[in-house]
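Trainee: Before I ask anything, let me first share the structure, which is written out below as C-alpha cells.
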Ligand SMILES: C[S@@+](CC[C@H](N)C(=O)[O-])C[C@H]1O[C@@H](n2cnc3c(N)ncnc32)[C@H](O)[C@@H]1O
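Printed below as a string of C-alpha cells:
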C-alpha cells in the first residue's frame, strides 16, 4: 500500500476539496446519523459531513498513516480518525450511512470493499460511493501505466501492477449486487479541472503518482511525471487540464 503524503495532499487538494464539497452537499443523512467515511484521506470531506446538522458522529478511516496523521491535526469534536483498510473494516456499532469519495478505484478487491461497507451499516441504510470508473478516454493513470511499461522506464517497473482499478458502470452495478447491495443510482459525470499552469498540474500529478514514482530514483521522478503529462496532453489537448469521470454509486443494504 502506498502511504499518501497527507501534508502534501492537503496543500494541493483544491480539486479534491471542491469535489468533496459537492459530494457532501448531495448526501442525505438521516437525523441523528452516525456516518462512516471510508478512505477519508486528509479528513476534509469527513469534517464537512460532521458539520451537517443531521449528523452526530463520523468515523473516518484510511490505511495511510500519513493521511490519518494529517486528518487528526485539525481535531473535530464529533470525528474519530482511525487507520484501516476498507477490505478488512469491521465494526460492532453499525452506522446509519457509509460513504467513500475517490478511494474505491484504488482498491483492487471491489466486492470485499463494498461487502465490508454493507456490513458496517444497519439494514435499510445507504452506502454512497463516488470514484473514477472506466471510460472511453484513457485516464491519467492509464497513461502513467503505458509510460511505465515503455522501454525507457520498464526496468524500474518489473513486476509492477496497476495501483488503480477502473471498472465500467455496468461492472460496478454487478459488484454492488454481489456485495449484497441494492443500487439506487449509478450516475456518471464527465468533469474537467483547469490547473491554470502546466507546472501546477505536474505538481498535483507528482503526488497522485506516488505508487509509480516511489520505484524510481529521486532524480528521475520529475522527468517521469513530465513524460506522463505530455502524453496525457495528447489525449486532452491541453497540458494543464485534467479530464476525469466520476461515478456516483448510491446503494442501500436491504432491510
Ligand atoms: C484521492 S484520496 C481521497 C481522499 C478523500 N476521500 C478525499 O476525497 O479527499 C484516496 C484515498 O484512498 C485511500 N485508500 C487507498 N486504498 C485504500 C483502502 N484499501 N481502504 C481505504 N482507503 C484506501 C488512500 O490512502 C487515500 O487517502
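Residue numbers (full-length UniProt numbering): 1 to 255. Backbone N, C-alpha and C define an ideal beta-carbon position, used for all residues, glycine too.
#1: Shortest alpha-carbon distance to residue 58 belongs to which of 188, 76, 64?
#2: Would you decide whether residue 253 is buried or exposed? Buried here means 16 or more other CB atoms lie within 10 Å of its CB.
#3: For residue 173, tell me which candidate among 247, 62, 219, 238 has the shortest Cα-Cα distance.
#4: Check this for me: beta carbons of residue 239 and residue 229, under 8 Å apart or not?
#5: Just to confirm, does residue 205 get its C-beta within under 7 Å of one of the non-hydrogen atoms of ligand 1?
#6: What's the gap between the Cα of residue 209 and the Cα of residue 33?
#7: Distance, Cα to Cα, residue 78 vs residue 159?
#8: In three-state terms, what does DSSP make of residue 306?
#9: Under the criterion of a Cβ to heavy atom distance below 7 Å, does residue 117 qualify as lining ligand 1?
#10: Nearest to residue 115 by alpha carbon, out of 186, 19, 139, 180?
#11: For the region 114-167, which segments carrying the beta strand (DSSP E) assignment without a break, of at least 3 residues, lie completely within its bounds, in sequence order?
#12: Quick check: what's the CA-CA separation for residue 165 versus residue 136?
#13: Of the residues 255, 243, 251, 250, which one's Cα is nearest the Cα of residue 15?
#14: Mind listing, in chain order, the continuous alpha helix (DSSP H) runs of no fewer than 4 residues lying wholly within the region 179-228?
#15: Which residue from 189, 113, 193 puts its Cα closest to that of residue 37?
#16: Can you list, in chain order, the stretches of the beta strand (DSSP E) that have 3 or more residues and sit fully within the region 79-108?
#17: Got a sec, what are the start and stop residues for the alpha helix (DSSP H) residue 20 sits in?
#18: For residue 188 and residue 130, what's the separation of their Cα atoms in angstroms?
#19: Is DSSP giving residue 171 helix, strand or coil here?
#20: Is any heavy atom of ligand 1 found at a distance shorter than 7 Å from the C-beta of residue 16?
#21: Using DSSP with H/G/I as helix, E/B as strand and the rest coil, what is residue 248?
Mentor: Answer, in terms of the structure:
#1: 76
#2: buried
#3: 247
#4: yes
#5: no
#6: 35 Å
#7: 43 Å
#8: Residue 306 lies beyond the range of the chain shown here (1 to 255); nothing can be said about it.
#9: no
#10: 180
#11: 121-131
#12: 15 Å
#13: 243
#14: 198-208, 210-213
#15: 113
#16: 79-83, 95-101
#17: 14-25
#18: 9 Å
#19: helix
#20: yes
#21: strand
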